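Read the structure below first, then the notes.
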Amino acid sequence: MSSNTTDYTAYKSYLEEDGGRKGIFKWILSTDHKRIGLLYLYAMMGWFIVGVVLGLLMKLELIAPGKTLMGPQSYNATFTVHGVIMIFLIVIPGLPAVFGNFFLPIQIGAKDVAFPRLNLFSWYIYVLGGILVIISLFGNGAPDTGWTFYAPYSFKTGTNMLPAALGAFVLGFSSILTGLNFIVTIHRMRAPGMSWFKMPLFIWTLYGTGWIQLLATPIVGITLLMVAGERILGIGFFDPAKGGDPLLYQHLFWIYSHPAVYIMILPAMGVISEIIPTFSKKTIFGYRAIVFSTLAIAFVGYFVWGHHMFTSGMSGTALWAFSLLTFIVAIPSAIKVFNWISTMHQGSISVEVPFLWAASFIFIFMIGGLTGLVLGSLATNVHVHDTAFVVAHFHFIVFGGVGFAFFGAMHYWFSKIFGRVYDKSWAKTGWITFFIGFVSLYGPMFYLGIKGMPRRYFDYLEEFHGPNIISSFGALVMIAGFVIILINLIKSARHGEKTTEMNPWGGTNLEWQVPTPPPLENFDEIPVIEKATYKYD
Amino acid sequence: MSETLSHQVVHRDDEASKLGIWLFIFTELLFFGGLFLTYAVYRNMNRQAFHLAAEELDVAVGTINTVILLISSMTMAMATTSIQKKDKRTTLILIWITLLLALAFLVNKYFEWSGKIGHGIWPGSPLLEELGRGDTLFFGLYFFMTGLHALHIIIGMVLLAVVLVRVQKDRITFDNFQLLENGGLYWHLVDLIWIFLFPLFYLIT
Ligand code: HEM
Ligand SMILES: [Cu+2]
Chain Z
8 MSSNTTDYTA YKSYLEEDGG RKGIFKWILS TDHKRIGLLY LYAMMGWFIV
58 GVVLGLLMKL ELIAPGKTLM GPQSYNATFT VHGVIMIFLI VIPGLPAVFG
108 NFFLPIQIGA KDVAFPRLNL FSWYIYVLGG ILVIISLFGN GAPDTGWTFY
158 APYSFKTGTN MLPAALGAFV LGFSSILTGL NFIVTIHRMR APGMSWFKMP
208 LFIWTLYGTG WIQLLATPIV GITLLMVAGE RILGIGFFDP AKGGDPLLYQ
258 HLFWIYSHPA VYIMILPAMG VISEIIPTFS KKTIFGYRAI VFSTLAIAFV
308 GYFVWGHHMF TSGMSGTALW AFSLLTFIVA IPSAIKVFNW ISTMHQGSIS
358 VEVPFLWAAS FIFIFMIGGL TGLVLGSLAT NVHVHDTAFV VAHFHFIVFG
408 GVGFAFFGAM HYWFSKIFGR VYDKSWAKTG WITFFIGFVS LYGPMFYLGI
458 KGMPRRYFDY LEEFHGPNII SSFGALVMIA GFVIILINLI KSARHGEKTT
508 EMNPWGGTNL EWQVPTPPPL ENFDEIPVIE KATYKYD
Chain H
153 MSETLSHQVV HRDDEASKLG IWLFIFTELL FFGGLFLTYA VYRNMNRQAF
203 HLAAEELDVA VGTINTVILL ISSMTMAMAT TSIQKKDKRT TLILIWITLL
253 LALAFLVNKY FEWSGKIGHG IWPGSPLLEE LGRGDTLFFG LYFFMTGLHA
303 LHIIIGMVLL AVVLVRVQKD RITFDNFQLL ENGGLYWHLV DLIWIFLFPL
353 FYLIT
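First to last, the sequence lines map onto chains Z and H. Numbering (the numbering used here) for the first sequence: 8 to 544. Numbering (the numbering used here) for the second sequence: 153 to 357.
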């Protein structure tokens, strides 16, 4: 590729190139996709800390039977705001907004995204949505509906759910614009020679995600507006007293929110597909199979929303159709796991920090996926519906999936982004602490759920005490791991040893062919792609 | 600043912005699609009531508004052609006409809505409570969907006003008219949605 011959001794990195602005304006007025990616990262870090504190408060409440920290109403508010923050502010935008923004143009050999100003605008909307969510905390009580805003309770409750729902609406808008921007960028701005099947897999997942963002988000947008209409005007769409149908609400909500799970998980799979071949020094196994399974997930994901409503009252035919489709959507994910493991097979693996995150991702993700099948089968679903089992399942998938991939990506691309290196031994300590904490936090919840402990209760029977203690201590361990990771990364980003090494891991994609950290427009001249990606040997 | 400017000037891709606006239009259609779905479900559940309630709406007002929007779509399309013919004056006039027609639509809508409200029909009104569930849902959907459409008209007007100013200042010219074309496409979308709303509320009784 081209850049090997270019002389980079006299270049200015994007971090030095400030567009003639000062202080914070270097950031919040910049349309450079790399700076925007970091803006998202910083905003997200702030929200995440709030969300983690709320999660911890719940676990402390649940450390013993009876009231320990808060009563039922506060507990309801806590899990609602925790859920809204984690879902709408962290894991849905998460990987695309941070790493997609930073690396998508670089990986396809472009100087920026197709619409740089729209990109910055999306970030502003994102922040606005976050502020609305926070506003909902003040006034007459934090929302207590759960992050799903189920009707009719969501327009009957006296709490402040309107700002939270509008916040989610606004965040959806930001998500649509990001997806749109990425799709157009991928269609129009690939470097010469980068045919579709030479694209890095992370790009493929962003592409699939972009389409889901575009096609699914408007539905939840209108649904949330309708709830707002109910609350403000008393229209009656979902109010049985006025002839409306709460089940319709559930359908509309999950038509978006199930595909949204794939908005979260596809880019995570993309990151893993980057890390695994790099650290196995092997061409990825079954590149095309991974691409097609990405598209298949994006497609089939639209038809399984009903598995959230098995107990809500649907026709028998609908029940088994949704159950069958749910099993079908698991196949492409299984294909990917198979491909990752085959890639590692007989590779010369270097066990670096990003690889540890990726490997533990596969472990966690498989548990999450298999327990998903338990929830997808009708009979077992009825048994564990709305129990701690569900909470365990979705934390394994959503938090395990996105969280582990996020930290993996963070450590994988850290030196490229900041031009500094992190402390490896602290990073490993953080990882193992986090991993152990994670498993002991959510693992016991599977057991508790099967034994019948319901979710969304601030209290439980004495017989559930033991596993809950383990779980609560797991939370403390995991958060300790998180703090270690965070401090290590922040310290390293500010004071870590400087590096200009272009390709520390021996990766094959374009981001490893540009200087560290990259210059403002990434490439002096647009590269011409000849080889397929992930080619070792 | 100069750095970001060059950053953008270098990159002008008309195909990309066309693709962008089409995708956006697609999301808008899906957005309304959720409401059309709701309408279909509730109509199916309350056939008789929807039938009777729809007869309350004034077909004449609806028809006039349909004609207004269709003409405005035409003038907007003509504006796109005339800028390509380097005829700035005609382009400006055509956009002005479009804007005035949009305003006429809103005025019409205002009288229609205030008429309904004068008769005691608004979301959550006591009269609707009395009339029963079918009517409540029908008029709820009516106000919500036409209201959301009116909001889109206003957004479209803001967009067209921006286009107007830019044509005036020669920022949009015969060889750089993508924004005008995109504004036009958005305007056609607003028109298209109305073309669906009109029969659903006024014609099928
Ligand atoms: C420190 C980390 C976390 C802890 C300790 C934690 C703990 C909890 C607990 C105890 C619940 C309430 C379960 C119930 O009573 O039903 C919960 C719910 C939830 N959590 Fe977390 N969680 C953490 C991180 C996350 C992350 C990263 C996400 C985002 C993917 C997330 C998403 C959710 C959601 C969506 C709910 C559901 C709320 C509901 O029931 O509506 N959590 N979490
Ligand atoms: Cu689902």
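Backbone N, C-alpha and C define an ideal beta-carbon position, used for all residues, glycine too. Please read all numbers here as calculations on a predicted model, not as lab measurements.
DSSP three-state assignment for residue i, whether helix, strand or coil
| i | result |
| --- | --- |
| residue 75 of chain Z | coil |
| residue 198 of chain H | coil |
| residue 217 of chain H | helix |
| residue 155 of chain Z | coil |
| residue 524 of chain Z | coil |
| residue 20 of chain Z | strand |
| residue 53 of chain Z | helix |
| residue 166 of chain Z | coil |
| residue 166 of chain H | helix |
| residue 153 of chain H | Confidence at residue 153 of chain H is low in this model, with a pLDDT of 35, below 50, so the placement of that residue should be treated as unreliable; the coordinate-derived value is given next. It is coil, neither helix nor strand. |
| residue 161 of chain H | In this prediction, residue 161 of chain H has a pLDDT of 44, which is less than 50 and means its spatial position is unreliable; nothing more can be read from the coordinates. |
| residue 515 of chain Z | coil |
| residue 207 of chain H | coil |
| residue 317 of chain Z | coil |
| residue 105 of chain Z | helix |
| residue 346 of chain H | helix |
| residue 540 of chain Z | coil |
| residue 149 of chain Z | coil |
| residue 353 of chain Z | coil |
| residue 414 of chain Z | helix |
| residue 133 of chain Z | helix |
Beta-carbon gap between residue i and residue j smaller than 8 Å
| i | j | result |
| --- | --- | --- |
| residue 68 of chain Z | residue 76 of chain Z | yes |
| residue 299 of chain H | residue 230 of chain Z | no |
| residue 126 of chain Z | residue 149 of chain Z | no |
| residue 353 of chain H | residue 209 of chain H | yes |
| residue 547 of chain Z | residue 162 of chain Z | Not covered by the structure: residue 547 of chain Z. The range shown for chain Z is 8 to 544. |
| residue 350 of chain Z | residue 304 of chain Z | no |
| residue 412 of chain Z | residue 298 of chain Z | no |
| residue 199 of chain Z | residue 535 of chain Z | yes |
| residue 322 of chain Z | residue 257 of chain Z | no |
| residue 6 of chain Z | residue 496 of chain Z | The requested residue 6 of chain Z does not occur in the structure, where chain Z is confined to residues 8 to 544. |
| residue 264 of chain H | residue 357 of chain H | no |
| residue 399 of chain Z | residue 453 of chain Z | yes |
| residue 159 of chain Z | residue 38 of chain Z | no |
| residue 227 of chain H | residue 246 of chain H | yes |
| residue 447 of chain Z | residue 523 of chain Z | no |
| residue 393 of chain Z | residue 72 of chain Z | no |
| residue 173 of chain Z | residue 139 of chain Z | yes |
| residue 383 of chain Z | residue 334 of chain Z | yes |
| residue 331 of chain Z | residue 317 of chain Z | no |
| residue 516 of chain Z | residue 253 of chain Z | no |
DSSP bridge partner residues for residue i (one or two, in chain order)
| i | result |
| --- | --- |
| residue 545 of chain Z | Outside the displayed span of chain Z (8 to 544) sits residue 545 of chain Z, for which this structure offers no information. |
| residue 325 of chain H | H/328 |
| residue 300 of chain Z | Paired residue(s): none; residue 300 of chain Z is not in a bridge. |
| residue 461 of chain Z | Z/394 |
Buried versus exposed call for residue i [16 or more other C-beta atoms within 10 Å across all chains shown]
| i | result |
| --- | --- |
| residue 574 of chain Z | Outside the modelled stretch of chain Z, which goes from 8 to 544, sits residue 574 of chain Z, for which no answer is possible. |
| residue 2 of chain Z | Since the first residue shown for chain Z is 8 and the last is 544, residue 2 of chain Z is missing from the structure and cannot be characterised. |
| residue 23 of chain Z | exposed |
| residue 89 of chain Z | buried |
| residue 295 of chain H | buried |
| residue 473 of chain Z | exposed |
| residue 196 of chain H | exposed |
| residue 449 of chain Z | buried |
Interface flag, residue i vs chain A, CB-CB below 8 Å
| i | result |
| --- | --- |
| residue 296 of chain H | Going by chain labels, chain A is absent from the structure shown, which instead holds the protein chains Z and H. |
Problem set entry | Touch test, the region 336-347 of chain Z against the region 281-297 of chain Z, Cβ-Cβ under 8 Å, three pairs minimum | Flag = yes, the region 336-347 of chain Z and the region 281-297 of chain Z touch.
Exercise. Counting pairs of Cβ atoms below 8 Å between the region 181-198 of chain Z and the region 207-225 of chain Z, do you hit three or more?
Worked result: Short answer: they touch.
Problem set entry | Cβ contact check for the region 163-172 of chain H and the region 327-337 of chain H: 3 or more pairs under 8 Å | Touching, per the Cβ criterion.
Exercise. Does the region 480-499 of chain Z come close enough to the region 40-48 of chain Z to have 3 or more Cβ pairs within less than 8 Å?
Worked result: Touching, no, given that fewer than three Cβ pairs across the two stretches are closer than 8 Å.
Problem set entry | Touching by the beta-carbon criterion (3+ pairs, under 8 Å), the region 274-283 of chain H and the region 234-253 of chain H | In short, these stretches do not touch, since the Cβ pair count stays below three.
Exercise. Can we say the region 336-350 of chain H touches the region 291-308 of chain H, given the rule of at least three CB pairs closer than 8 Å?
Worked result: Short answer: they touch.
For this session: Count the CB pairs spanning the region 45-64 of chain Z and the region 89-105 of chain Z that are closer than 8 Å, and state whether there are at least three.
Result: Result yes; three or more Cβ-Cβ pairs closer than 8 Å.
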